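The block underneath contains the structure these notes are about, expressed in structure tokens.
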Amino acid sequence: NCFPLLEVVDISDPVYFKDNQVEYVTLTFFKLRKVNLSGLDYIAELLFRLFKNCPLLEEVILLRCYDIAYDGVSSALREAPRLTSLTFSTGYGPVDEEDRESYITSQFIASLVSLKYLTSLDLLSTKISDELLFSIANEGLPLTRLVLQALGGYSYSGIF
39 NCFPLLEVVD ISDPVYFKDN QVEYVTLTFF KLRKVNLSGL DYIAELLFRL
89 FKNCPLLEEV ILLRCYDIAY DGVSSALREA PRLTSLTFST GYGPVDEEDR
139 ESYITSQFIA SLVSLKYLTS LDLLSTKISD ELLFSIANEG LPLTRLVLQA
189 LGGYSYSGIF
């Protein structure tokens, strides 16, 4: 390991990145506190390994992860009890209201509200629901930052 003290890694928008390289990152940089995986597709298994092998991880950025499965992310989030900041999007720009497949699942909601230290949540270019917003509010997460940008599927009653 050339960087045994490394705490922040940004491997976003790779031109070429193999799954075995991702595993190497998760096993080698176990002191990670922040990681940016934006632009990586099919990353549910990667997230699971990352959260499991990097117990100090506090901040994760997942932007433009087009082929991400909510249930896979949900399983991974359960391995990240110390997470304080999550930035998440499945696309770019305004969400397609007609696409029923892109709604955040109840499993994702349950995993999200289990993050008792979550202070910052950015949800962008995806579909959420009032149920998600109500669940976050009812759970009493210590959020100090909530970004809802270019989203669909919710009403303002979920916020107020």
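Position in the sequence shown counted from 1, then plus 38, gives you the numbering used here.
Ideal Cβ placement from N, Cα and C applies to all residues, glycine included.
Here the structure is a predicted model, which means the values were calculated and not measured.
Tell me which residues share the same chain as residue i and place their Cβ nearer than 6 angstroms to its Cβ, disregarding the 5 neighbours each side in the sequence.
i    : result
R116 : S149
L179 : L156
K154 : none
C92  : F68 and L70
Taking 8 angstroms as the limit between beta carbons, can you name the residues of its chain near residue i, skipping five residues before and five after?
i    : result
S50  : N74, L75, S76, G77, L78, I99 and L101
S144 : E169
L189 : V133, L161, L162, S163, T164, K165 and I166
L23  : There is simply no residue 23 to check, as the chain begins at 39 and stops at 198 in what is shown.
With DSSP as the reference, label residue i as helix, strand or coil.
i    : result
R183 : strand
G45  : Here the sequence assigns Glu to residue 45, which means Gly is not the residue at that position. The answer is coil: DSSP assigns E45 none of H, G, I, E or B.
L34  : Since the first residue shown for the chain is 39 and the last is 198, residue 34 is missing from the structure and cannot be characterised.
G190 : strand
R138 : Confidence is the limiting factor: at R138 the pLDDT is only 49, short of 50, which leaves the residue's position unreliable and the question unanswerable from this model.
K90  : helix
Which residue from the options puts its Cα closest to that of residue i?
i    : options             : result
D109 : G191, A175 and I142 : I142
E97  : F86, S112 and V46   : V46
Spell out the partners DSSP gives residue i in its beta bridges.
i    : result
I99  : N74 and T125
L159 : L124 and L184
K154 : According to DSSP, K154 bridges with nothing at all.
Which same chain residues, not among the five before or five after residue i, have their C-beta less than 7 angstroms away from its C-beta?
i    : result
S173 : I147 and V151
Touching by the beta-carbon criterion (3+ pairs, under 8 angstroms), the segment 181-194 and the segment 149-165: yes
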